[in-house]
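Everything on this sheet refers to the single structure shown next.
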Amino acid sequence: MTDTDLIVPVELHALVANRAVRADKDRFKRWSPMFTMMLNEEFKTSGEPEPYENLQDYWTGTGFEGVHLQWQLPEALTTGHLDHDSGESTFPLVPNRWLVVRYATVRGATTVAGWVVHSDYLSSQRPDANPIWDGSNSYLNPYAATATTDRIGRAHDLATGPWHDPREDDPAPRPLFLTAIGSGLPAFAAFAPYHRNVFLFQDTLQDLRDRQHGDNYPPDAMLSYAVIGWYSDDDADILRQAPEIPDLLPPGADPGNLVDVLEALGWAVPDCASGAIRRTRYAGTALGVDWQREGLVPDSDRPDGTSTKFALGHSTADAGAALVAQQTRSARDGDLIKALFHGELGAMDSADGPIDLDEAMRRSWFSGSEGGSLWRVVNRPAEQDTDEPAPELPQPEWLDRLNDHQAEYDQGMAELARLQWRLWSLWWLRELPEKRRPKPFEFDVAAWNGEITAVGEQISALQATLEELQTAIDEFADRELPETQELKRSPQPSFYRPADPVIVMEGAGTTQPLGRPDDQPLPCRLPSALLTRVRIGGADVTPAPDPPAPDLTGLPELCRPLIAELAMLDRAARTGSALEDIVARPADLTDGPFPEYTRVWRQPWLPMYLQWRIKYCATPFRSGGTGQGGSDNWTFDGDDYHWNGTGVPEGDGEGGVRWTSFAGRSFLTPGLSYVLREQAKRKLAGAPDELLGQLRLLQDDFDELDILSQTLDGFNDWLIQQNGAAQVTTDQRILDLAGQSNHVPDAAGDRREQRFQPVRAGQFYFTELHVIDRFGQALRLVTALDSQPAQLAPVRAASVTPDPEKPLFPGAKTDRFIQLPPRLLQDARIRFEPVHHSDDRPLAAVSSAPDPLGDTPVAGWLLVNHLDQTLLVYAPDGSPLGELRVIRTAAGQREIAWNSLPHARYDEPGDFEGVYPHVAGFASELVGRDADTFGLLMTTIDRALSRIADPAPEEDRTPARLIGRPVAMIRARLGLELLGPPLTDPAWDEALRPSAQEYPDYRWPVRLGAYERLADGLIGYYTSEPGQDTSYRQLHVPVQGRDTAAYASAAADDGPYFSLIGTGAGIAMPARSVDRSLSRYLTLLACPHTAVHATTDLLPVTSLAVDADLTHRALAAIRASFRLNPLLAPVRSEEPTRGSARSEPEPANSGIFMPRPSALHGAWSWAEPLVSGDGPPLWTDLPILPADDLSHPDDPVPAARAGYLQLHPRADGQGETR
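Quick note, the sequence shown lines up with residues 2 to 1219 if you use the working numbering.
Structure representation (structure tokens):
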């Protein structure tokens, strides 16, 4: 036999359904697809039954008895691959023929039987077939032009005759179609009731009955099984498909190279493999299956539920950390799990570690979506010999038009999505049968048809507009630019939507990993390299040349040697502990490659689904409308929302409140242990030797964790009355307009089920909770008994734990409730971004009058001069403007005054109001205020900068650093934006003429800054209500704790200059669509090297930072100025030739004669004003000549001078280094 076949192992699971298993009515929860009802105009149900509905009960009869064999396809055949061009996912074709061979030992005699499973058999292929009973499973005809029901799968008993493949009789066979998702059901190849006689075979064992022994039922037997799979068409084999499947092969892989293809599939071939391999075969075994019809329920890993714990949170890490903390009674252990999960272990040892870790975790509570694009002209990447930042590029005038087109296109796409959903909703509801409508309901056919037509026309017009916009955008790509420049698209901030709550479960009996590790490819074998020896009972056994086998006529040649291998292993299974020994020590007791997944049989327990039913009570964010008569039911404390205990809707449910019921089902995965293991593996790369062993042990521990997790899929969709269960595809009549949709509206035919809540806020508890495995076996965790649940108390993360002092109703036991704080269920974002320093335009916009300062958001710079007790003020480019200081007036009052700095182009703040409006506003408002205000301002800046960590102080060598750390005045825009228009209620009473929603007018506090966070750069901010000019009458500061006492007493006659940010209530913003968003413009006082954060709890924390290159250029231009008054010093016209140290620079010919400071950090000079007329004074700069101890009789008489000692950068922008 040549090695043209590659033998790929499959995992074979064998469920024994004896009388005890069948009699346990609570053991199973099984259901099957309902495509017939989905396509039936009288029903139009989901393709999959709703949870706890359509449960099959046929296993209570004897027809369910026997051994159920399910073969688990290799991971490579169950993985979809996304085509990035079309946006469609492609799944590989899977083997469609399977030989099942059984060795049965009854009363000491061994017999063999076999069946061929015709996996892709369709009842529609037989004109005489019964369309209801022929075939084993409900299916959709893959060859039909429209959705048409069919049935799939059958088995042929080889005892009735040899196998003859029907494709051999077809002169024009159709291409194969069978994939792991079948008719579009993700669970098709995994859940046994979906694929009988496709990937599962039920051996009823009826052929083992012997009338001579009086067998009315199958007798006790020891069974061993083998399955062997293949493609009926070699052209459909995965080795030939792989190059045609988008994104299956990695970049650079050679489609014609077998090694590259197998590596992409995650399969390993023997070293002796040659290039002769042309196709694949699939093989697996189940050995030593113990059949006893009257026996007990076979032992399995299925727990009894008493030791199972489950936790809930906003994310996997949130719930997992709560579970670990509860189990270990250590909050730090929970934090370590969160840190490792998010790859933030380093944060555990940093000052901001808890905050950074909390922010990373909260970010995972949301899923992101694209926020649009912005275009800029940038320098092409190039190697530079200098670390100096490249100069800012002037933007071409046409860039504004391009960005306008792009913004219109982005908004148009959001509007298109809304219209398409509305069209599909109206169409879907119109086509529903009358019995699905509420009673009473007047259905106006003309009105519905008219609205559908009108929306369709809107979509057509918008689609045409979007095509024109895309064409216009594409044309800009042809604009000519210098070779060193390019047009670059940058993403706008993402929109976010809250994720569904997550449940993490420990002790559910999971035994399978999420997937094979990348460094452990699936070991495959060759026909020439099978088992050649096994040791049984002290004797070596070799494969028989002609083992007992069913009729193999028409079957692959490879079946016979694989059956011979089965015969050897079956003998081992029937001989004491021989098979256990072989599995434990294959290298010692066998010759030849040992087949993967070979093990001693054990009743399978393979958790797959989490199925639940909950009762939910809304606690709305606000009651009574958006006017003055309304009130918020939730309070923001600056980090989290807390329920006030108000606003619970009345109803006739438990506690006299309104409850709605929701049932759901989602896939369970060992995602938590997988991520923890992979994070530990990632740490191995750079770990020191002493930690390598511990990390490897940690990986092994994570592999053994019995933890499963999953989101409560569909929970958020249910709250906005959308159903994401498998439905019929979009009607072809409106497909071009509505596009494909994976949801349908839930119009609440029963008005009691109306629950539309676009702002999620409420509490729920479980009335039923089950873990269901691949065969439909169920583990009960919460079961409804009458109206009260008998349940294990859930472990709750702090983020979902309600306040026990504020129960939903009097006497309610809060330990079973899970609380969900307010979240917008529409995609939204915090728009916190820098804007132009003078006119607040977006930084990418091009001004009609280009700004010589460039595209900078920095309105100005401040430096606290502790030596002179002044506040130095500079323009955005670092040029001098003036200083604020305290003087004593003629009336004896101490107040703030302004003095221009040397070489300033303006005398008073009002003079530069048109150029630097925000610096002028800041300075003008301070001038004339009392000295206490100035002192507290200086203290505020000083304390903030001492608290804020400087990320890289050693890199800043600018002369200004000698005075202190700079403060940037940053212009910023703040707003909350929704993606598209507000959501609308799809209920029958609202669908045709939806009411306006209140939630776009709700006000959401935004807390800027984080006082306890060292890496937050906010010192304070100035703002006003949207639409008004920024007011500089009040500085809002993020001070907390005991430091707030100084601000409580700091009040002036014209009102307090300082205001505490507190919880952020001073900035309460509505969330509105982009085209009608409401923005606040602010001036931030902040450290330019550190980001400023915005916190809402409604969305992930976002931040704003100043470009580092911009900061460097501006700070390098600042001259530090120190006031000296009076200075008694002469001006010397010539420098003596003696007295200069060799280390001093060449002296100037003239300058002021005084002790010269060190030139380590830059060059020093003396600046003094000259008498001038109106306007700013003229200044003269004099070099400093070093004083010495010599006599200079020719020097002029020293004069008392007033001026500034200035330190400014050298030509290279840095001082000397030593």
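Beta carbons: idealized from backbone N, C-alpha and C, even for Gly.
All of these numbers come straight from a predicted model, not from anything done at the bench.
Scanning its chain for C-beta atoms nearer than 6 Å, with the 5 sequence neighbours on each side dropped, one finds around residue 182 the residues 92, 189, in chain order. Residue 96 and residue 233 have their C-alpha atoms spaced approximately 8 Å apart. Collapsing the DSSP output to three states places residue 934 in a helix.
Pairing residue 920 with residue 861 gives a Cβ-Cβ distance under 8 Å. Put simply, the region 213-227 touches the region 569-579. At least three CB pairs are less than 8 Å apart. Per DSSP, the unbroken alpha helix (DSSP H) holding residue 416 starts and ends at 400-432. Non-local C-beta neighbours of residue 1047 in its own chain, meaning closer than 7 Å and more than five positions away in sequence, comprise 937, ordered along the chain. Scanning its chain for C-beta atoms nearer than 7 Å, with the 5 sequence neighbours on each side dropped, one finds no residue around residue 145. Within 10 angstroms of the beta-carbon of residue 174 lie fewer than 16 other beta-carbons, which makes it exposed. With respect to residue 283, residue 9 sits close: the two C-beta atoms are nearer than 8 Å. Counting only residues of its own chain and dropping the five nearest sequence neighbours on each side, residue 822 has a CB closer than 6 Å to the CB of 642.
Here residue 1095 is buried, its C-beta having at least 16 other C-beta atoms within 10 Å.
Taking each of 245, 688, 989, 332 in turn and checking the Cα distance to residue 722, the smallest one comes out for 989. Counting C-beta atoms within 10 angstroms of its own C-beta, residue 85 has fewer than 16 neighbours from the protein chains shown and is therefore classed as exposed.
Under the three-state reduction of DSSP, residue 283 is assigned to strand.
Residue range 446-477 is occupied by the alpha helix (DSSP H) that includes residue 449. Per DSSP, the continuous beta strand (DSSP E) segment holding residue 618 begins and ends at 608-619. In the three-state reduction of the DSSP assignment, residue 719 falls in the helix class, which pools H, G and I.
Note that the region 156-172 touches the region 543-563; at least 3 beta-carbon pairs, one per stretch, sit closer than 8 Å. Its chain contains 1157 as the residues whose beta carbon lies nearer than 6 Å to that of residue 1187, once the 5 sequence neighbours on both sides are disregarded; these appear in chain order. Take the alpha-carbon of residue 780 and the one of residue 510: they are about 10 Å apart.
Looking at the DSSP output, residue 884 bridges to 873, 900.
The C-beta distance from residue 778 to residue 303 rounds to 6 Å, short enough to meet the 8 Å contact threshold. When the five nearest sequence neighbours on each side are left out, the beta carbons in the same chain lying within less than 6 Å of the beta carbon of residue 255 are those of 261, in order along the chain.
Counting C-beta atoms within 10 angstroms of its own C-beta, residue 442 has fewer than 16 neighbours from the protein chains shown and is therefore classed as exposed. Residue 837 counts as buried, since no fewer than 16 other beta carbons sit within 10 angstroms of its beta carbon. Boundaries around residue 675 are those of the alpha helix (DSSP H), 672-685, since no beta strand (DSSP E) includes it. Annotated three-state conformation of residue 492 is strand, per DSSP.
Leaving aside the five residues that flank residue 1196 on each side, the residues in its chain whose CB is nearer than 8 Å to its CB run, in chain order, 1131, 1133, 1154. Short of 7 Å from the beta carbon of residue 78, and not among the five residues preceding or following it, lie these beta carbons of its own chain, in chain order: 93, 95, 181, 239.
Secondary structure note for residue 129: it is in no beta strand (DSSP E), with a DSSP letter that is neither H nor E.
Annotation for residue 82: 90, 91, 246, 247, 248, 249 place their beta carbon closer than 7 Å to its own, counting only its chain and skipping 5 residues before and after.
In the DSSP secondary-structure assignment, residue 67 is bridged to 18. Residue pairing by DSSP puts residue 138 in a beta bridge opposite 153. Under the three-state reduction of DSSP output, residue 26 falls in the coil class, being neither helix nor strand.
In the same chain as residue 456, and ignoring 5 residues on each side of it, the C-beta atoms closer than 8 Å to its own belong to 420, 423, 424, 427, in chain order.
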